[in-house]
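K.L.:
Mind looking over this structure? Questions follow.
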Amino acid sequence: CPVEVLLSPSPHNTHEFMAHSHIGKSLYFYQLASWFAVIPRSRFNIVLMETFYENPTHHFSKILEWIGVKPVDTDNNGVDGFPSLAALKASAELHQNSHHQPQLQQQITSKVIGDLDQIFFPHNQLLDMLLGYTTGYAKVRDLDPH
Numbered sequence: 610c611p612v613e614v615l616l617s618p619s620p621h622n623t624h625e626f627m628a629h630s631h632i633g634k635s636l637y638f639y640q641l642a643s644w645f646a647v648i649p650r651s652r653f654n655i656v657l658m659e660t661f662y663e664n665p666t667h668h669f670s671k672i673l674e675w676i677g678v679k680p681v682d683t684d685n686n687g688v689d690g691f692p693s694l695a696a697l698k699a700s701a702e703l704h705q706n707s708h709h710q711p712q713l714q715q716q717i718t719s720k721v722i723g724d725l726d727q728i729f730f731p732h733n734q735l736l737d738m739l740l741g742y743t744t745g746y747a748k749v750r751d752l753d754p755h
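The opening residue of the sequence shown carries number 610 in the working numbering; numbering runs sequentially from there.
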């Protein structure tokens with residue numbers, strides 16, 4: 610289903626499909642714009658996954674602080690936060706998955722990357738404008754080896 614159909618108004622009932630598709634769920638601009646229309650932007654703490662994984666423990670601590678939770682609570686045996694920095698670190702790094710299956714990696718060809726760049730580029734430009742900073746997602750890579 611072309612992305613233009615997914616983004617056009619229903620009668621074709623593709624909006625539900627879009628919400629359950631990998632591409633649809635990856636069009637962050639539309640999701641955030643909908644939320645920002647009803648909830649003030651200041652109520653959101655948006656952290657790019659690439660940034661988070663550079664230092665998961667640090668960024669997880671900042672997220673916890675943002676919502677009013679102490680990252681580590683050694684004084685109260687972890688009642689108001691994690692009982693130790695080691696426990697915080699273990700939780701922050703729990704879902705980091707860097708072990709992709711080799712057969713899946715082989716399917717990610719230059720053509721697939723180029724096609725996805727083309728599909729996502731205009732939507733990621735909108736995301737950058739909405740957020741007011743460059744996410745790095747709005748790019749079209751030169752994959753020509755020559």
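Even for Gly, the Cβ is constructed at its ideal location relative to N, Cα and C. A quick note: this is a predicted structure, and the numbers were derived from the prediction, not measured.
Under 7 Å between the Cβ atoms of Val678 and His668?
P.N.:
Going by C-beta atoms, Val678 is not nearer than 7 Å to His668.
K.L.:
Taking Cβ positions, are Phe645 and Leu735 nearer each other than 7 Å?
P.N.:
It is not a contact, given that the beta carbons lie outside the stated cut-off.
K.L.:
Grouping DSSP H, G and I as helix and E and B as strand, with all else coil, what is Val681?
P.N.:
Three-state result, Val681: strand.
K.L.:
Quick check: the region 694-705 against the region 659-673, are at least 3 beta-carbon pairs closer than 8 Å?
P.N.:
Contact between the region 659-673 and the region 694-705 is present, because at least three Cβ pairs lie under 8 Å.
K.L.:
Distance, Cα to Cα, Asp682 vs Leu641?
P.N.:
Roughly 33 Å separates the two Cα atoms.
K.L.:
Determine the burial state of Ser651: buried for a count of at least 16 other Cβ atoms within 10 Å of its Cβ, exposed for fewer.
P.N.:
It is exposed - the Cβ of Ser651 has fewer than 16 other Cβ atoms within 10 Å.
K.L.:
Quick one: grab the DSSP three-state call for Phe638.
P.N.:
DSSP places Phe638 in helix when its eight states are reduced to three.
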